[in-house]
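Participant:
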Amino acid sequence: MTRYYFKDCVTCEDVKQMYKKLARDLHPDCNPGRDTTAEFQEMSRQYEEAYNRLKDIHQNANGETYQKETKQTATEYADLINQLLHIPGLMIELCGSWLWITGNTRPVKDQLKALGFRFSSKKQAWYFHSEPYRKHGKSEKSMDDIRNMYGSEKYATRTEERESLTA
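Read in order, the letters of the sequence shown are residues 1 to 167 in the UniProt record's numbering.
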């Protein structure tokens, strides 16, 4: 019986959020006790279909759905998440269509730069957004303000201790 991973997604952000959760749960490197390769491959195939279907449908801070063409492809986002999952000690947070990275980032700052992340000194976090940033208004938003406006999903990458126990 086939499981439909992205059936409840209605926007591009929903698809990305679900992919990030499922990638963490099903990635073979994150499941040393069981073989999840086939599940992960099926989920990735469904992700590409869902992303291509919903890539131009977004939701604003008020919960209203709108259409805007995006240049990012499904594989670009999937590759980014898969690379982040291999870096231990990070906290990955999806706020709207922005990825924020906190945790033990100093040792991997060059890797994050190479992936296209930029550092926000005021928020003490790395961020990624596929579109160029356009500021609306004069006020600076704190991370709590951003979380309240757009919602937030957090996931931790594996830790050094877990890796050493399974190796």
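Where is the CB? At the ideal position from N, CA and C, for every residue including glycine.
Here the structure is a predicted model, which is why all the values come from computation and not from measurement.
By Cβ distance below 6 angstroms, which residues in the same chain neighbour LYS123 in space, the five residues on each side in sequence not counted?
Facilitator: MET143
Participant: Restricting to Cα atoms, I'd like to know which of SER44, GLN41 and THR70 is closest to LYS55.
Facilitator: THR70
Participant: Taking the alpha carbon of LEU26 as the reference point, which residue from GLN72, VAL10 and LEU85 has its own alpha carbon closest?
Facilitator: Nearest C-alpha to LEU26: LEU85.
Participant: Which residue or residues does DSSP assign as beta-bridge partners of TYR155?
Facilitator: ILE92
Participant: For TYR66, I'd like the list of residues in its chain whose CB is within less than 7 angstroms of its CB, leaving aside the five on either flank, ordered along the chain.
Facilitator: Same-chain partners within the cutoff: HIS58 and ASN60.
Participant: Within the continuous beta strand (DSSP E) that includes ALA125, where are the two ends?
Facilitator: Its beta strand (DSSP E) spans residues 125 to 128.
Participant: Decide if GLU76 is buried, meaning its Cβ has at least 16 other Cβ atoms within 10 Å, or exposed.
Facilitator: exposed
Participant: According to DSSP, ARG24 sits in a beta bridge with which residue or residues?
Facilitator: Beta-bridge pairing links ARG24 to no other residue.
Participant: Tell me which same chain residues have a C-beta within less than 6 angstroms of the C-beta of THR36, skipping the five on either side of it?
Facilitator: LEU26 and PRO28
Participant: From the DSSP secondary-structure annotation, give me the bridge partner or partners of GLY103.
Facilitator: LEU90
Participant: Where does LYS16 land, buried or exposed, given buried means 16+ other C-beta within 10 angstroms?
Facilitator: buried
Participant: Whole-angstrom Cβ separation of LEU90 and ILE101, contact assumed at under 8 angstroms?
Facilitator: Right, the Cβ-Cβ distance comes to about 6 angstroms (below 8 angstroms), so this counts as a contact.
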